[in-house]
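Everything below concerns the one structure shown next.
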Amino acid sequence: MQNLLDLDAHALSAYLTAMGEKPFRGRQLMRWIYQDGESDFAAMTDIAAALRGKLAQNACITAPEVMREELSDDGTRKWLLNVGTGNAVEAVYIPEENRGTLCISTQAGCALDCSFCSTGKQGFNRNLSVAEIIGQLWWANHQLGRNAEGLWPISNVVMMGMGEPLLNFDNTVSALRLMLDDHAYGLSRRRVTVSTSGIVPAMDRLREECPVALAVSLHAPNDKLRDELVPINRKYPLKELLAACRRYLERAPRDFITFEYVMLEGVNDSVQQARELVNLVRDVPCKFNLIPFNPFPQTHYRRSRPEAIQQFRDVLMQAGIVTTTRKTRGDDIAAACGQLAGQVQDKTRRTLNRSVGVV
Ligand code: SAH
Ligand code: SF4
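Every letter in the sequence shown is one number past the one before it in our numbering, and letter 287, counting from 1, is 913.
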């Protein structure tokens with residue numbers, strides 16, 4: 627069975643051509659799948675009955691199965707999705723006044739082991755397929771239903787869930803293309819953000835192949851501390867990372883990079899470190915997003931005090947850098963940054979370890 631959610635426009639027309647169909651059928655199919663949210667070929671009335679029959683026999687439109695849905699007091703929704711073989715990932719919907727943002731995952735687990743990240747502590751399971759990535763958006767729109775204007779509620783997508791998107795490059799880019807494609811979701815490049823811990827060669831590839839808004843997880847003002855917090859820094863240190871940011875901006879849909887900076891009490895949140903940071907990024911047009919640390923079981927870090935975050939922000943603002951502090955959303959359902967799938971994923975690993983032990 628070919629899951630059509632696995633195919634971007636190019637792959638879908640190749641699939642149809644191989645079936646002896648005209649490539650424009652792909653555009654028709656995409657409109658049914660993404661714009662109408664349809665998964666039943668029989669309902670696709672402007673497609674010839676013969677093709678519908680062939681598709682029903684050979685293809686399907688299947689998003690990952692939802693194991694659990696949770697709703698926060700602040701309207702944030704979290705879906706736990708079954709991606710098979712004992713793995714689960716999460717997608718989080720964050721409604722705001724004039725937009726709806728979906729935070730999606732790109733890998734089950736993550737290999738990069740940032741010291742403050744719950745996903746990293748769980749280790750790496752596997753890359754998600756295109757269907758599993760775009761399926762999060764397909765499912766969430768479907769589940770939330772159209773808004774009063776008849777539009778899908780999700781206007782923005784951020785790849786800030788579980789995993790490092792640029793280490794699942796091809797599938798991430800195919801999913802991005804579906805988000806941007808006018809026959810699918812037609813989102814503007816400015817409303818789709820990839821967040822990376824700084825995989826320098828992949829940032830260059832993204833710039834060439836599918837430039838979208840970019841967020842870079844900085845978290846430290848110098849290599850010594852960043853090596854400790856974000857171990858991939860040992861491979862791609864700050865000088866190279868910042869040079870890659872400047873190159874990215876040559877083709878980016880926005881004229882700034884968003885730097886994410888998790889606020890860890892007594893680790894990276896002093897006024898002096900804020901000054902060092904200003905100096906570090908002086909050649910990169912950027913905005914900062916300060917993320918108060920979200921605790922999870924078995925962490926020794928603590929969230930910076932609000933006054934420390936405010937002071938840190940003041941230093942950046944005084945240097946002319948637009949800086950926002952991320953509101954903590956959905957923390958009553960462990961849906962905040964870095965908290966995703968903690969409990970279930972842990973269980974999953976124990977199960978896997980046990981079965982490995984039996985073998
Ligand atoms: N792997 C990518 C994207 C997923 S993480 C990346 O690292 O950029 C999305 C954001 O959440 C990153 O900036 C990450 O550093 C941050 N984050 C991870 N754990 C966190 C935690 N416990 N509290 C607050 N932010 C966290
Ligand atoms: Fe992976 Fe991002 Fe977590 Fe680091 S912060 S371990 S790169 S998901």
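Each residue gets a CB set at the ideal place from its N, CA and C atoms; glycine is no exception. Note that this is a predicted model, so its numbers are computed, not measured.
Check, Outcome
"Segment limits, alpha helix (DSSP H) that includes L763", "V756 to L770"
"Rounded straight-line distance, which links the Cα of D895 to that of L707", "35 Å"
"Close beta carbons around R939, own chain, < 7 Å, minus the five adjacent residues each side", "L916, T949 and T951"
"Same chain, Cβ closer than 6 Å to N725, neighbours up to 5 away in sequence not counted", "Here the sequence assigns Arg to residue 725, which means Asn is not the residue at that position. Result list for R725: S781 and N782, in chain order."
"Inter-residue spacing [alpha-carbon to alpha-carbon] between H636 and L868", "33 Å"
"Rounded straight-line distance, which links the Cα of P721 to that of S639", "35 Å"
"Backbone CA spacing between K913 and M943 [nearest angstrom]", "10 Å"
"D700 versus R678 - alpha carbon distance", "42 Å"
"Minimum C-alpha distance to F882 - residue among G710, I659, D830 and L840", "L840"
"Closest by C-alpha distance to I687, when choosing among G646, A734, A757 and R772", "A757"
"Sequence-distant residues of its chain with Cβ nearer than 6 Å to Y927 (five each side left out)", "F742, L890 and F919"
"T711 - DSSP class collapsed to helix/strand/coil", "coil"
"Per-residue burial, F650 [other beta carbons within 10 Å of its own, 16 or more giving buried]", "exposed"
"Contacts around G652, its chain only, beta-carbon distance under 7 Å, and the 5 residues preceding and following it disregarded", "A635, L638, S639 and L642"
"DSSP state of F922 mapped onto helix, strand, coil", "coil"
"Between the CA atoms of A644 and C740 - distance to the nearest angstrom", "44 Å"
"Residue span of the beta strand (DSSP E) that contains M693, given as start and end", "E691 to L697"
"Straight-line Cα distance separating Q898 from S800", "42 Å"
"Given G749 as reference, the closest of A737, I759 and R703 once Cα atoms are compared", "A737"
"Distance between Q762 and M656 (C-alpha atoms, nearest Å)", "16 Å"
"Sequence-distant residues of its chain with Cβ nearer than 7 Å to W778 (five each side left out)", "N767 and R772"
"Where P879 sits in the DSSP three-state scheme", "coil"
"T745 - DSSP class collapsed to helix/strand/coil", "helix"
"Assigned secondary structure, N859 (DSSP; H/G/I helix, E/B strand, else coil)", "helix"
"For G726, the three-state DSSP class (helix, strand or coil)", "strand"
"Residue nearest to E695 in terms of C-alpha spacing, selected from E647, L770, D662 and Q733", "L770"
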